[in-house]
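Engineer: Residue 16 is where the sequence shown starts when you use the working numbering, and the numbers rise one by one after that. All C-beta atoms in this analysis are idealised placements derived from N, C-alpha and C, irrespective of residue type, glycine included.
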Amino acid sequence: MRLPRSSAGWTMAVFGVLALVLGALGLIWPEAQLRMLGFTIPAERGPGDYTGTFLTASSMASFNMGVYYLLAAATEWRPFYRFTVWFRLVTFTVFSIAVLSEVAPGRFFGVAAWEGLGAVATAVGLWWDARRSAAGVGPDGDAAQSASVPAADTVH
């Protein structure tokens, strides 16, 4: 796997690793996931309680999302970075409303905050990378090669 080459790429990689790990945790040890989110774990589940099914689906989605974010970071897929900023802000809004309307416990706001802060971090990373690019600084901190200068192996 290739390391990210930009600030925005690093934000995507960090979120990707955490989404993958938390998704795996939910699949392997669902009770730990429920406790982290502040949900009550009854001693016994009644008929028609599909909490386990829903948690499996959510955990698998988180695991897959982690893979998508890591792939985007490895390939420096910047349009995907921009796309995620907006949808993570939507996720922040929806999850915050769930907590405020008491559909979800208060600790669930941590998930909303993570999404909101992640969106802002990626947006700042995109801004920072664009600023560095405009200043002629490459992702490694060296002066970027001008597009008008032909590469050494170019044949004329």
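Report the rounded CA-to-CA distance for Y96 versus V109, giving the unit in angstroms.
Structural biologist: Approximately 20 Å between the Cα atoms of the pair.
Engineer: If you drop the 5 nearest sequence neighbours on each side, which residues of the same chain put their C-beta closer than 8 Å to that of E130?
Structural biologist: R103, L104, T106, F107 and F110
Engineer: Near W143, which residues of its chain fall below 7 Å by C-beta distance, leaving aside the five closest residues on each side in sequence?
Structural biologist: So the qualifying residues of the chain are S22.
Engineer: Among P94, Y84, A128 and L86, which one has its Cα closest to the Cα of L141?
Structural biologist: P94
Engineer: For A136, which residues of its own chain have a beta-carbon under 7 Å away from its beta-carbon, when the five flanking residues on both sides are left out?
Structural biologist: T26
Engineer: In whole angstroms, what separates the C-alpha of A39 from that of S74?
Structural biologist: 7 Å
Engineer: Have a look at R122, P57 and F30 and flag the residue whose alpha-carbon is nearest the alpha-carbon of V134.
Structural biologist: Correcting the residue identity first, residue 134 is Ala in this sequence and not Val. When each option's Cα is compared against that of A134, the closest is F30.
Engineer: Quick one, are the C-beta atoms of L35 and G81 less than 8 Å apart?
Structural biologist: In contact: L35 and G81 (Cβ atoms closer than 8 Å).
Engineer: Kindly list the residues whose CB is nearer than 8 Å to the CB of W92, restricted to its own chain and excluding five residues on each side of it in sequence; keep chain order.
Structural biologist: L86
Engineer: Given a threshold of 16 other Cβ atoms within 10 Å of its Cβ, counted over all protein chains shown, does T90 qualify as buried or as exposed?
Structural biologist: exposed
Engineer: Going by the beta-carbon positions, is the gap between L70 and L49 smaller than 8 Å?
Structural biologist: yes
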